[in-house]
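Chains as they are written, first to last, in the numbering used here: chain V, 250 to 478; chain U, 250 to 478; chain H, 250 to 478; chain R, 250 to 478. Structure record follows, encoded as structure tokens.
Number of protein chains: 4
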Amino acid sequence: MTSTLPPSQSQSDDGFAVTVKTRSPGRPKDFALGMKRREDILESATRLFAHRGFRNTDLKMVADELGVAKGTIYNYFESKNDLFVACVTFGMARLRLFVRARTRDISEPLELISCAVESYFHFFDEHPEVVELLVQERAEFKDRETSTYFLGWDEHKLPWLELFEKLKADGIFRDMSSEAVYEFMSNQVYGTLFANYFSGKKKPLASQTGVTLDILYRGILQGGQRSEF
Amino acid sequence: MTSTLPPSQSQSDDGFAVTVKTRSPGRPKDFALGMKRREDILESATRLFAHRGFRNTDLKMVADELGVAKGTIYNYFESKNDLFVACVTFGMARLRLFVRARTRDISEPLELISCAVESYFHFFDEHPEVVELLVQERAEFKDRETSTYFLGWDEHKLPWLELFEKLKADGIFRDMSSEAVYEFMSNQVYGTLFANYFSGKKKPLASQTGVTLDILYRGILQGGQRSEF
Amino acid sequence: MTSTLPPSQSQSDDGFAVTVKTRSPGRPKDFALGMKRREDILESATRLFAHRGFRNTDLKMVADELGVAKGTIYNYFESKNDLFVACVTFGMARLRLFVRARTRDISEPLELISCAVESYFHFFDEHPEVVELLVQERAEFKDRETSTYFLGWDEHKLPWLELFEKLKADGIFRDMSSEAVYEFMSNQVYGTLFANYFSGKKKPLASQTGVTLDILYRGILQGGQRSEF
Amino acid sequence: MTSTLPPSQSQSDDGFAVTVKTRSPGRPKDFALGMKRREDILESATRLFAHRGFRNTDLKMVADELGVAKGTIYNYFESKNDLFVACVTFGMARLRLFVRARTRDISEPLELISCAVESYFHFFDEHPEVVELLVQERAEFKDRETSTYFLGWDEHKLPWLELFEKLKADGIFRDMSSEAVYEFMSNQVYGTLFANYFSGKKKPLASQTGVTLDILYRGILQGGQRSEF
DNA sequence: AATGAATGAGTCTTCATTCAT
DNA sequence: AATGAATGAAGACTCATTCAT
């Protein structure tokens, strides 16, 4: 993970701290320090917003968790709202990085689909607080027409549509609107996510990947019934 | 003590009580009026909670909408929290009444499924504020383990499972766990609901019933591919 | 007790109810009924004011205790303040009636003093709520310069001063200001009352009469020391 | 983690820590200023609670008197209740300090008694608001079984009992229960305090010390009558 | 950059009082 | 006279944000 984030300490690879002198030129330490602090705040805030809700979270709590003064937070984020939005954005960024990393090297189409679905489930099993943030966002930020979750969704959509078209051309998929397929799949993943979350179940999402894909691929009807319906 | 109070029963001179209902002196409680007022409050509150969010809604606003004083609301609901919970419960009750009324007279199984799905979508198209309340509930009432939406879900589940078993026995459904089918369907409906809602789309849910059921029934794979996967 | 209060029911002494007909001339029933209701309210209010404090007592509670509507209270008392003042006044009236009744027939001076002190203690043992009302009054009604307890105190004072003068003339009391003696005694009784009350002790006041009088009469010094001090 | 924070100790280059006190960066907490502010609030609140009553005092008034915002008060006291309790406790502490300071160096027993009584009276002459607080406390805080005034009373009692025993042994006091003497004296002082206060008299308590002690010591009966009673 | 005391707008809730019936 | 729904002023408490140090 560290490779995706700026280094949090100017430690050289040989294990020796290189910044013994405070006045080293170029101030690389300050920057790294600032980023580290920023992320610490994001992490604490994410956890608290998720556990207690946006409105029930006092910035004092975030500060206390970090052993820092409340005012310090305002050196890194404009406002509480700002901090929250940053938390959501950060969470979604992590989701995308996670899924991308896992699916990057897969070329076989159906395997790619399976892996993407499984990755989504996997991520939210490990980061349930991100779901919470999405709910919080919708609940408190009524001015945001579109959930951060869906921002940039359309760019992600395109490659999938292309894949589906190819699968159709290859006779793997039935002849149906790729848009429709994409939405159906999205809704299924999204619904599984929220349903599990809202219903208070603790069953891992990832364990449902298999059966979800099975129905998605083959439907629920018996073979002979498919055409008749 | 009764001597200090007017008689509470209109007893006719012949000694027979002519009415069972106790009629206190003074202005009588108008039960019907009370219920009407109660529902008016629920309606206003639902709308405002949905549009502005629970925490951003001052009960003063609800009162103003109804042209009553803030205190009046407290004659009908213990607290703001109470009012909110009543709104959610009321909304869910309406949902169930709506679906039940539409599906009551349908005996053909697949038609029943279609109608149920369409009814759900239809209801939320007409009452988008109910989705909002569910989100609000999850966001603000962290103590509630299970969303009101899922309370009583299990009772609703049973008839569906029985239906699915029958469809399997009749060779309509493939041989697969009815539980799994039920969850898949639930998640699909739920996901469609929330995805549309969160993404800010205004496209009617009901219009997606057909394609949703098509994929649900037949899956996305070409016939020949189904067994191979 | 009933002799000191208006009859609460128009029942003649022979045990027959005389007001079977509602429309009897002169409306005696209404008046009696009104007085009874008034006293019921005073009693309930006194108890609640004493137990919960003036500000913590909702008139709704008083009404509920009596099985009556809140508005009814306003037919008997102008306001909550009014009701409270009536409670205090009523309590003090009962105190004076009680003490007067017990001391009326006593002619022997020292016995009279003893009996008066004992009567005070006795009354407050039986009606601790009256002490509470006095405290409440002082706490909440800052505009009243003088506690109701001390209103009319000066009239009561005079006979005592005359008695003390006589006791001095008879060589029973030392030669000292009767005013001073009166105040000392008052303070002692008052102090005993409040100290017991404030300290949370439940020991009956009346049981302290003996020792109180002993010290009051004879002081704490050994005989030989008295003149020397 | 310390690397993310500036060093918390000013360490001189020779390696010796020159100060034990941890000095956080940023504006230091000014402890003395905090205590000053705290006492200012206590003083204003005491005055207002005493003059207007606890329930009739808006913390806004206290804030206005001090020229600060209402929220500031909540930085020093948890709640209005808390503030009030602190006022009472503070007042009683001052009483005890005052009496202790005045009686410390007195060894002659009777003089000690006189001085203690006079000190009590003196204190309340100068701080009549403390009496008011005791009344307020009793009126509003029904959950407190025992008035703050009497808390810790028993410890204060012991030395007095010992003193009285010695006086008895020396033939100064009559042979009577020291407990009883203690209570009589307490009640007298307490009664004088409250009676003067409740009756609205403005006569200084301290001026009554002499006559009070005279009667306390010698009683009201003529010498010859003492044994006969 | 960090600190944390100060700020004060914002809201829920209570309850004495009124008044139409 | 009794009723109790409606009123709305009052007040405790919270917490995001500022800013002097």
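For glycine and all other residues, C-beta sits at the position ideal for the given N, C-alpha and C.
Between the beta-carbon of residue 439 of chain H and that of residue 373 of chain R there is about 15 Å, and that puts the pair past the 8 Å contact cut. CA-to-CA, the gap between residue 322 of chain H and residue 290 of chain H works out to about 7 Å.
At a C-beta separation below 8 Å, residue 430 of chain R has these neighbours in chain H: 464 and 469. Residue pairing for residue 370 of chain H: DSSP places it in no beta bridge. Between the segment 373-388 of chain H and the segment 445-465 of chain H, the count of Cβ pairs shorter than 8 Å is three or higher; the stretches touch.
When the Cα atoms are used, residue 417 of chain R and residue 366 of chain H turn out to be separated by approximately 27 Å.
A buried status is given to residue 436 of chain U, since no fewer than 16 other beta-carbon atoms sit within 10 Å of its beta-carbon. Chain H places a beta carbon closer than 9 Å to that of residue 402 of chain R, counting this residue as a contact.
From the beta-carbon of residue 312 of chain R, no residue of chain H is found nearer than 9 Å; the closest lies around 21 Å away.
By the 16-neighbour rule on beta-carbons within 10 angstroms, residue 340 of chain R is buried. Note that the C-beta distance between residue 298 of chain R and residue 378 of chain R is below 9 Å. Collapsing the DSSP output to three states places residue 390 of chain R in coil.
Considering only V:344, V:306 and V:283, the residue with the shortest C-alpha distance to residue 391 of chain U is V:306.
The C-alpha of residue 441 of chain R lies about 27 Å from the C-alpha of residue 304 of chain R. Spanning the alpha carbons of residue 362 of chain U and residue 352 of chain U requires a straight line of approximately 9 Å. Distance check between residue 382 of chain H and each of R:296, R:320 and R:387 places R:387 closest, using alpha-carbon atoms only. Residue 466 of chain R is positioned such that its CB atom lies closer than 9 Å to that of residue 468 of chain H.
In the DSSP assignment, the residues bridged to residue 422 of chain U are V:470. In its chain, beyond the 5 residues on either side, 308, 309 and 312 have a beta carbon closer than 6 Å to the beta carbon of residue 319 of chain U.
Contact between residue 314 of chain V and residue 293 of chain V holds: their C-beta atoms lie close to 5 Å from each other, under 8 Å. Sequence-distant Cβ neighbours of residue 462 of chain V in its own chain, meaning closer than 8 Å and more than five residues away, are 362, 363 and 366.
Within 10 angstroms of the beta-carbon of residue 427 of chain H lie 16 or more other beta-carbons, which makes it buried.
For the C-beta of residue 394 of chain V, the chain U residues within less than 8 Å are, from N- to C-terminus, 449. Take residue 398 of chain H, set aside five residues on each side of it, and the residues of its chain with a beta-carbon closer than 6 Å to its own are 383, in chain order. Chain-order list of chain H residues neighbouring residue 435 of chain R: 444, by C-beta distance under 7 Å. Its Cα nearest to that of residue 285 of chain R, the residue R:325 stands out among R:296, R:325, R:402 and R:302. For the 9 Å CB-CB criterion, residue 446 of chain V and residue 380 of chain V form a contact. Per DSSP, the unbroken alpha helix (DSSP H) holding residue 439 of chain U starts and ends at 427-448.
DSSP places residue 305 of chain U outside both helix and strand once states are collapsed to three, so it counts as coil. Shortest Cα-Cα distance from residue 409 of chain R to any of R:458, R:434 and R:281 involves R:434. With 16 or more neighbouring CB atoms inside 10 Å of its own CB, residue 389 of chain R falls in the buried class.
In terms of Cβ geometry, residue 421 of chain H and residue 471 of chain R form a close pair [threshold 9 Å]. Shown here is that no member of the segment 333-348 of chain H has a Cβ falling below 9 Å from a Cβ of chain R. In chain order, 391 make up the part of chain V whose C-beta sits under 8 Å from the C-beta of residue 301 of chain U. In terms of beta-carbon proximity, residue 379 of chain R stays away from the interface with chain H, with every pair separated by 9 Å or more. For the pair residue 404 of chain R and residue 329 of chain R, the Cα-to-Cα distance works out to about 30 Å.
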